[in-house]
Amino acid sequence: MSKQKLIIAIDGPGGSGKSTLARGLSSRLGLLYVDTGAMYRALTWKAIRNKIDFTQEKKLSKIAKESHLELKPPETAGGEIKVFIDGRDVTEEIRSPLITNHTSDVAKVSGVRGCMVAHQREIAEHGNAVLEGRDIGTVVFPDADIKFFLKADVEQRAKRRQKELSEKGTEVAVDKIKEDLLKRDDIDSSREDSPLKPAEDAIPIDSSTMSVEEMVETALSHIKKLS
Ligand code: DC
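So for the sequence shown, the numbering used here puts the first residue at -9; every next one is plus one.
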């Protein structure tokens, strides 16, 4: 790649394959991987722990301002990043159904988003990075070198989530996961501040029937055109 600094934006709904693609591109291209959803999840973990009601926007914004959030790179190529809030490792806890189902309530608060967006820009501005989320191409890095918007059939997304949960020892019926995914899609896409939507210049990828390798190769074929 001839560019000195490469920023890749990946957006899309839950279960569309964003994390898989971001991890794949991070390890193939040696880029910093920034999972922005993990940051909103960690704040939600802290809000629940501190018994803050999700309607208390000022308190949620205060938590966002005062918390020390860290994303530590995976120890092995393609592995999971570790997520810390105020020095505590919450990597596992933030993937629980409780946190998953409440993060969109916290992520819709403008004061929270302002803090997170500033932090995400700070993390990625110095180096080559791939960021995944809902507003990366539209708000966080509108000038990203390349933007992908992932989508997938809801049945497929629910099955992927079910598999991920099952691998961590939690069994949830696929219909329940589907219902929760659709509810979260609705909150994420209809909120006033930076709703989930494709940037005008985003490249759409439908991952419904793609293998991980196909997804990564498809994205790489577009990235190669940049040089
Ligand atoms: O990608 P994820 O499932 O870990 O995201 C968790 C929640 O955080 C989801 O409801 C959407 C929200 N989110 C957001 O609003 N903006 C981002 N950049 C990333 C995630």
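Glycine residues also receive a C-beta, built at the ideal position from the N, C-alpha and C atoms. Here the structure is a predicted model, which is why all the values come from computation and not from measurement.
For Val99, there is no enclosing beta strand (DSSP E), as DSSP gives it neither H nor E. Within 7 Å of the C-beta of Thr10 there is not a single heavy atom belonging to ligand 1.
Judged by the Cβ position, Ala97 qualifies as a neighbour of ligand 1 at the 7 Å threshold, a heavy atom of the ligand being closer than this.
Residue pairing of Glu169 in beta bridges, as defined by DSSP: absent, with no partner found. At a Cβ-Cβ threshold of 8 Å, Lys98 and Ile177 count as neighbours. Residue Pro3 holds the alpha-carbon nearest to the alpha-carbon of Arg151 among Leu(-4), Pro3, Val102 and Asp43. Membership of Val120 in any alpha helix (DSSP H) is not indicated; the residue belongs instead to the beta strand (DSSP E) covering Ala119 to Gly123. At a threshold of 7 Å, Thr160 does not count as near ligand 1, since its beta carbon sits no closer than that to any of the ligand's heavy atoms.
Taking a cut-off of 8 Å on C-beta distances, the stretch 107 to 120 does not touch the stretch 90 to 97, as fewer than three cross pairs fall below it. Cβ contact annotation for Thr208 (same chain, cutoff 8 Å, sequence separation greater than five): Ile195 and Met200, in chain order.
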